[in-house]
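Below you'll find the structure, written out as C-alpha cells, and then a few comments.
Number of protein chains: 2
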Amino acid sequence: MGRTPPHPEVSQFDLQQVLEALVDPVRRSIVAQLDASGVDIPCGGFDIPVSKSTATHHFNVLREAGLIRQYYVGTSRMNSLRRAEMDEVFPGLLDALTRQPVRKT
Amino acid sequence: MGRTPPHPEVSQFDLQQVLEALVDPVRRSIVAQLDASGVDIPCGGFDIPVSKSTATHHFNVLREAGLIRQYYVGTSRMNSLRRAEMDEVFPGLLDALTRQPVRKT
Chain X
0 MGRTPPHPEV SQFDLQQVLE ALVDPVRRSI VAQLDASGVD IPCGGFDIPV SKSTATHHFN
60 VLREAGLIRQ YYVGTSRMNS LRRAEMDEVF PGLLDALTRQ PVRKT
Chain P
0 MGRTPPHPEV SQFDLQQVLE ALVDPVRRSI VAQLDASGVD IPCGGFDIPV SKSTATHHFN
60 VLREAGLIRQ YYVGTSRMNS LRRAEMDEVF PGLLDALTRQ PVRKT
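Residue numbers (numbering that gives the first Met the number 0), protein chains in the order written: chain X, 0 to 104; chain P, 0 to 104.
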C-alpha cells in the first residue's frame, strides 16, 4: 500500500475544488468514461486526446478533488470513480454532468 | 428594447460555457441569490464582495452563458435567473449547485 497516493476523506470534499476539476473537458471525459464503463480503468485505458504526462496531471486533479480513487495492480495504476461518495455530498452533480444535454428534436 | 443586451437561445446553451461561468464562486453566489429570492434582482442588489466593474463582468459572463436574463427597468439593469430553460437543457445541474453540500452530523 506504500505506493497508494493520498486521497481526501468524504468530509474534506469541497464543491469549489470539485468544480475546478470538472470544468476541464478532458477530466469530465475521464469521469464520464468511468461512469459509463461501470468498472475500474487503468490510466492507459482511457480514450483522451492528451499526452501521458498531461493525463497524469488530470488524474491527480481528479484524485485530489475526491472524484477518483487510484490504486495499483502490479504496475498498472487503476482508477475508480468515487460515485457513491460524491453523490452523498453533492447529490445530483455527477448525474447532471455525465448526462447528455437534453435537446429538442 | 434597444438597450437589452444579447442573450443566447436555449438551443445555444453549452455545458462547457455554463460550467466556466459557474466555476467562479462569485458567479455561483449571484445564481444562488437569484434562486433563493425567487424574484428578479437589480445589479446593485446582490451581496457580493467585488467592485461594480468586476460585478458587471460577472453578470456578462452569466448572461452570455444563458444563466441570467438582463433587462432594464428605468436605469436599473435587472437580472432574472433562466432556471426553467437551464433545467430543460441540463436537468439537475442548478439544483446540484445551489443546494448546500450534505454533511453528516
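C-beta atoms are modelled at their ideal positions from N, C-alpha and C, and glycine is treated no differently. Note that the structure is a prediction, hence the values are computed from the model and not measured.
- Interface annotation, P/Asp94: in contact with chain X, CB-CB separation under 9 Å.
- With contacts defined as CB atoms closer than 9 Å, X/Gly65 and X/Val25 fail to qualify as a contacting pair.
- In the DSSP annotation of this structure, the continuous segment of the alpha helix (DSSP H) that includes X/Gln16 starts and ends at 14-21.
- In this structure, the beta-carbon distance from X/Gln32 to X/Phe45 falls below 9 Å.
- DSSP, read as helix, strand or coil, puts X/Ile47 in coil.
- Secondary structure of X/Arg76 (DSSP, three-state): strand.
- By the 16-neighbour rule on beta-carbons within 10 angstroms, P/Val88 is buried.
- Segment contact: the segment 34-53 of chain P against the segment 74-87 of chain P, three or more CB-CB distances shorter than 8 Å; contact assigned.
- At a beta-carbon threshold of 8 Å, the residues of chain X lying near P/Pro90 are Ala95, Arg98, Val101, ordered along the chain.
- In the displayed model, X/Pro90 falls within coil according to three-state DSSP, outside both helix and strand.
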